[in-house]
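Every letter in the sequence shown is one number past the one before it in the numbering used here, and letter 147, counting from 1, is 161.
Beta carbons: idealized from backbone N, C-alpha and C, even for Gly.
Report on the following structure.
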Amino acid sequence: MFSNTLLIYDFDQEDTLEGWYVVNDGVMGGLSKGTLKVNQEGHAMFEGFVSLDNNGGFTSIRYNFEPADVSAFTTVKLRIKGDGKRYQFRVKSFYKERYSYITYFQTSNEWEVIEIPLKDLYPSFRGQRLNMPNYPVEAMSEISILIANKKEEHFQLLMDKIWLE
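In structure tokens, the structure reads:
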């Protein structure tokens with residue numbers, strides 16, 4: 015990466031998924047099941063099934079890290095290969111905040127770099143937009159990717175690298 019970037023995670027360079035964890039809708043009684051592992055090519059693979067049973071409908075992966083000053087950056091970039099489905103990207107300034115700043119991105123079936131302007135991330139809690147300003151782009155301590163398209167579906171998202179520019 016160049017000096018004007020901040021690497022969040024490079025799945026090719028890490029042997030483990032340390033700091034990453036899965037949160038399924040089972041925390042609310044749902045039956046969705048997502049998993050995260052490193053595949054044979056060295057990419058993270060987030061895959062599973064979203065179920066609407068028992069008021070479910072989402073699964074997510076999260077990565078916590080020491081709070082970082084991100085004020086010098088304007089964009090988060092994800093090098094991914096999706097399945098043509100829509101996903102939600104989320105950040106928290108401080109991991110103990112109850113709300114996240116979110117936006118959606120659409121995947122293709124090809125490797126691509128998704129670019130998300132940080133200033134466009136808006137505050138949300140349990141699917142509801144909050145009456146607060148958008149992400150202040152000052153500190154970051156958690157990123158998350160979630161799938162919740164209000165339908166039952168299998169999904170698979172491959173990830174290579176996540177960084178800020």
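Alpha carbon of residue i to alpha carbon of residue j, nearest angstrom
{"i": "Asp187", "j": "Gly56", "result": "The question about residue 187 has no answer, for the chain in this structure spans 15 to 179."}
{"i": "Ser155", "j": "Ala82", "result": "6 Å"}
{"i": "Leu21", "j": "Glu166", "result": "33 Å"}
{"i": "Trp177", "j": "Ser158", "result": "13 Å"}
{"i": "Val37", "j": "Asp67", "result": "16 Å"}
{"i": "Phe72", "j": "Arg140", "result": "11 Å"}
{"i": "Ile128", "j": "Pro137", "result": "20 Å"}
{"i": "Tyr113", "j": "Ser65", "result": "23 Å"}
{"i": "Tyr23", "j": "Lys175", "result": "6 Å"}
{"i": "Glu28", "j": "Gly70", "result": "32 Å"}
{"i": "Tyr60", "j": "Asn53", "result": "According to the sequence as given, residue 60 is Phe; it is not Tyr. If I take the Cα positions, the gap works out to 10 Å."}
{"i": "Leu171", "j": "Asp97", "result": "7 Å"}
{"i": "Thr117", "j": "Leu132", "result": "9 Å"}
{"i": "Leu144", "j": "Ala58", "result": "31 Å"}
{"i": "Asn163", "j": "Met146", "result": "24 Å"}
{"i": "Thr19", "j": "Tyr115", "result": "21 Å"}
Presumed contact (8 Å Cβ cut-off) between residue i and residue j, rounded CB distance
{"i": "Glu124", "j": "Lys95", "result": "6 Å"}
{"i": "Leu160", "j": "Tyr101", "result": "7 Å"}
{"i": "Ile75", "j": "Phe103", "result": "The pair is not a contact, with the Cβ atoms about 11 Å apart (cut-off 8 Å)."}
{"i": "Lys51", "j": "Glu179", "result": "The pair is not a contact, with the Cβ atoms about 28 Å apart (cut-off 8 Å)."}
{"i": "Phe169", "j": "Gly40", "result": "Contact flag wrong, Cβ pair sits at about 17 Å."}
Residue i, buried or exposed, once every other Cβ within 10 Å from all chains shown has been counted against 16
{"i": "Gly43", "result": "exposed"}
{"i": "Gln142", "result": "exposed"}
{"i": "Gln120", "result": "exposed"}
{"i": "Thr88", "result": "exposed"}
{"i": "Tyr77", "result": "buried"}
{"i": "Met15", "result": "Here the model assigns Met15 a pLDDT of 47, short of 50, so the residue's position is not dependable and the matter cannot be decided."}
{"i": "Met173", "result": "buried"}
{"i": "Asp134", "result": "exposed"}
{"i": "Gly33", "result": "exposed"}
The ligand FMN heavy atom lying under 7 Å from the CB of residue i
{"i": "Thr49", "result": "As presented, the structure is devoid of all ligands, the ligand FMN included, so that no description of it is given."}
Review point. Per the contact definition of three or more C-beta pairs closer than 8 Å, is the region 34-48 in contact with the region 83-103?
Key: no
Check your understanding: Does the region 101-118 come close enough to the region 136-152 to have 3 or more Cβ pairs within less than 8 Å?
Key -> yes
**Study point:** Those runs of the beta strand (DSSP E) which lie wholly inside the region 83-112 and span at least 3 residues
**Key:** 89-95 and 100-106
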